[in-house]
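Notes to accompany the following structure.
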Amino acid sequence: MKIKNNLILAMDIMELQKAEKVCETIGNQIDTIKIGYPLTLAEGIKTIKIFKENYNYQIICDYKVADIPATNSKIAEQTFKNGADGIITHGFVGEDSVKACQDKADEYNKDLFLLTEMSHPGAKRFLQKDADEIAKMGVEMGIKNYVAPATRINRLKEIREIVGKDSFIISPGVGKQGGEAKKTLEYANAIIVGRSIYESENPKKATEDIIKSTK
Ligand code: XMP
Numbered sequence: 000m001k002i003k004n005n006l007i008l009a010m011d012i013m014e015l016q017k018a019e020k021v022c023e024t025i026g027n028q029i030d031t032i033k034i035g036y037p038l039t040l041a042e043g044i045k046t047i048k049i050f051k052e053n054y055n056y057q058i059i060c061d062y063k064v065a066d067i068p069a070t071n072s073k074i075a076e077q078t079f080k081n082g083a084d085g086i087i088t089h090g091f092v093g094e095d096s097v098k099a100c101q102d103k104a105d106e107y108n109k110d111l112f113l114l115t116e117m118s119h120p121g122a123k124r125f126l127q128k129d130a131d132e133i134a135k136m137g138v139e140m141g142i143k144n145y146v147a148p149a150t151r152i153n154r155l156k157e158i159r160e161i162v163g164k165d166s167f168i169i170s171p172g173v174g175k176q177g178g179e180a181k182k183t184l185e186y187a188n189a190i191i192v193g194r195s196i197y198e199s200e201n202p203k204k205a206t207e208d209i210i211k212s213t214k
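Quick note: the sequence shown uses numbering that gives the first Met the number 0, first residue 0, plus one each step.
Right under this line is the structure:
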C-alpha cells in the first residue's frame with residue numbers, strides 16, 4: 000500500500016460529522032485513515048464507504064480480528080465487502096485464524112496487516128513474549144504487511160529484522176503514547192497517529208507539524 004506522507008490518521012472520533020470535519024480541515028495532506036471499533040460501533044460500517052466516496056481515502060480497518068477461522072473469515076468478508084482496503088488481524092490466535100483473513104484479503108485483492116506486538120504498556124506482559132514468533136509466522140505465511148509499536152523502537156527494529164526490508168510496517172503509538180515520528184520511520188513505512196491530530200485545536204497544523212517532523 001502506498002501511503003501519502005507516510006502518515007495514517009487513526010479516526011477514533013465517535014461522531015461521523017465531527018470526523019468528517021477533521022477530514023475537511025486536514026485536506027489532502029493524507030490519503031489513508033484507520034477506522035476501528037469506536038467509529039464503526041458508533042456510526043456503522045457504512046463509514047468506510049463515506050470516507051472513500053467523500054475524501055477518496057484508503058481505509059484500513061483496525062478490527063484486530065482474533066477469532067476462530069470460520070468467524071475470522073466472516074468478519075473479513077464483511078469488512079472487505081463494505082469497501083475496506085486493509086484489515087488488521089491479531090497474530091496470537093495462530094496460523095489457521097490468520098489464514099482465514101489472508102484468504103479473504105486475497106479474494107478481494109486487498110491487504111492484510113498482521114499485528115505482532117501492541118504499543119501499550121500492558122502488551123509487555125503477554126504479547127511481547129510471542130511477538131517475534133508471530134512475525135516469523137507471518138513471514139512463513141508470505142504476509143507482506145505488519146503492525147509493530149512506535150512506543151518501543153528496539154522492538155520495532157527487531158520485528159523489522161524478522162520481517163525483512165521488503166515488508167511493509169505500519170506503526171501506532173506516535174504522539175500521545177510517546178513515540179517519535181522520525182525515529183519510528185527509520186524502521187516503519189508509515190506512522191499511525193490519532194489523538195495528537197484529531198484532539199488538537201488545529202488538526203490541519205498538527206498534521207503539518209507531524210509531517211514536517213518526519214523530514
Ligand atoms: P493514538 O490516539 O494513540 O491512536 O495516536 C493510536 C491508534 O492506533 C491503535 N493502536 C493499535 N493498533 N496495534 C494496532 O493494531 C497496536 O499495537 C496499537 N496500538 C494502538 C489505537 O486503537 C488507535 O486507533
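C-beta: ideal position from N, C-alpha, C; glycine also.
Does the ligand XMP have a heavy atom nearer than 8 Å to the CB of residue i?
i      : result
Arg194 : yes
Leu176 : According to the sequence provided, residue 176 is Gln. The question's Leu does not apply to it. Within the cutoff, so yes.
Ile191 : yes
Ile87  : yes
Leu114 : yes
Sort the options by Cα distance to residue i and report the nearest one.
i      : options                       : result
Met13  : Leu114, Thr24, Gly35          : Gly35
Lys203 : Phe91, Lys3, Asn27            : Asn27
Lys164 : Ile49, Ala187, Lys17, Ile152  : Ala187
Glu42  : Leu113, Glu19, Asp110, Gly177 : Glu19
Glu185 : Val21, Pro148, Asp61          : Pro148
Lys109 : Gly90, Ser118, Ile142         : Ile142
Glu94  : Ile87, Met140, Thr70, Leu114  : Met140
Ser96  : Thr206, Gly137, Ile169        : Gly137
Within a Cβ cutoff of 7 Å, which residues of the same chain sit near residue i, ignoring the five residues on either side of it in sequence?
i      : result
Ala180 : Val173, Ile190, Ile209, Ser212, Thr213
Tyr107 : Phe79
Could you tell me how far apart the beta carbons of residue i and residue j are, in whole angstroms, since I believe they sit closer than 8 Å?
i      : j      : result
Arg194 : Lys175 : 4 Å
Val146 : Cys100 : Actually they are not in contact, since the Cβ atoms of Val146 and Cys100 sit about 13 Å apart, beyond 8 Å.
His89  : Leu114 : 5 Å
Ile273 : Gly85  : What the structure shows of the chain is the stretch from 0 to 214, and residue 273 is not part of that stretch, so it cannot be assessed.
Which same chain residues, not among the five before or five after residue i, have their C-beta less than 6 Å away from its C-beta?
i     : result
Cys22 : Tyr54
- Segment contact, 8 Å Cβ cut-off, at least three pairs: the region 16–32 with the region 48–60: yes
- Can you find at least 3 beta carbon pairs, one from the region 96–106 and one from the region 122–129, that sit closer than 8 Å? no
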